[in-house]
Amino acid sequence: MARPRGSSGALVVGLGRFGASLALTLEELGTNVLAMDTRADLVQEYSGRLTHVVEADGTQMESLAQVGAADFSVAVVGVGTSLEASVLITANLVDLGKPVIWAKAISVPHGKILERIGAHHVVFPEKDAGQRVAHLVNGRLIDFIEFDDGFAIVKMRPPKEIVGFSLQESDIRAKYGVTVVGVKSPGRDFTYADAQTKVSQHDLVIVSGHTELIERFSNRP
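1 is the number of the first residue of the sequence shown in full-length UniProt numbering; add one for each residue after it.
The structure is reproduced here in structure tokens:
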């Protein structure tokens with residue numbers, strides 16, 4: 001089986017829940033993916049779901065060389081249960097010099113180690129998911145995306161005080177420091193908001209702003 005090559009390809013090391021989900025999604029998005037794992041059962045399980053899967057050990061530079069790791073523009077280290085393996089794989093990929101490395105961390109100290117040895121991006125899937133769900137559970141938020149600088153974009157149900165009024169009339173930005181970016185009404189396409197946009201009871205609103213301000217706004221009755 002020919003393996004994918006080229007600047008658009010992604011190498012995914014580790015077929016646990018995080019790595020496998022990421023590899024499958026990347027393929028669905030049209031990215032050429034090569035997934036690798038040391039466990040034969042996982043390789044077998046995903047061989048029918050992913051186009052390119054190999055049994056190989058990323059802690060060994062020889063294995064990475066054999067799969068052509070340096071040919072990929074992006075490499076994802078999805079190994080998290082073994083700190084030693086995660087660090088060795090990341091260090092090997094750094095030594096290759098080519099791929100942009102995304103590495104999964106299971107703790108803050110783990111993440112700091114990965115950053116120090118050269119990982120370009122460190123992600124904390126469980127921590128990030130927990131924080132996101134907490135925001136959703138805590139109020140009327142339906143979806144929540146937070147950025148590194150404390151800025152967030154959310155989808156939420158509108159507070160009663162803005163229902164029936166245009167955005168100019170409710171003056172949300174002046175009162176709460178957040179911006180209504182758009183409105184989605186039932187049975188209608190999403191529309192970008194302007195001063196004359198009127199919010200109804202059954203609408204969903206897309207709101208941007210600082211996380212704390214959005215939380216305060218979303219907790220309005």
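The C-beta atom is built at its ideal place from N, Cα and C for all residues, glycine as well.
The model shown is predicted, which means the values in this text are computed figures rather than measured ones.
For Y46, no pairing in a beta bridge is given by DSSP. The beta carbons of T90 and A70 sit no closer together than 9 Å. Shown here, L34 sits in a strand according to DSSP, grouped into three states. Membership of V108 in the alpha helix (DSSP H) is indicated by the continuous run 108 to 116.
The three-state secondary structure of L96, taken from DSSP, is helix. V178 is bridged by DSSP to nothing; it lacks a bridge partner.
Closest in C-alpha terms to A193, from the list Q201, G187, I206, H202, comes I206. The DSSP assignment places complete alpha helix (DSSP H) segments of no fewer than 4 residues inside the region 48 to 90 at 61 to 66, in order along the chain.
A contact is defined here as three or more CB-CB pairs under 8 Å, and the region 66 to 82 meets this definition with respect to the region 94 to 102. For G19, the enclosing alpha helix (DSSP H) covers residues 17 to 28.
Between A56 and V33, the CB-CB gap reaches or exceeds 9 Å. Contact between V178 and I214 holds: CB atoms are separated by about 6 Å, below the 8 Å threshold.
Following the DSSP letters along the chain, one finds F217 in no beta strand (DSSP E) but inside the alpha helix (DSSP H) bounded by residues 211 to 218. Looking from the CA of T51, the closest CA among E28, V181, S63, T38 belongs to E28.
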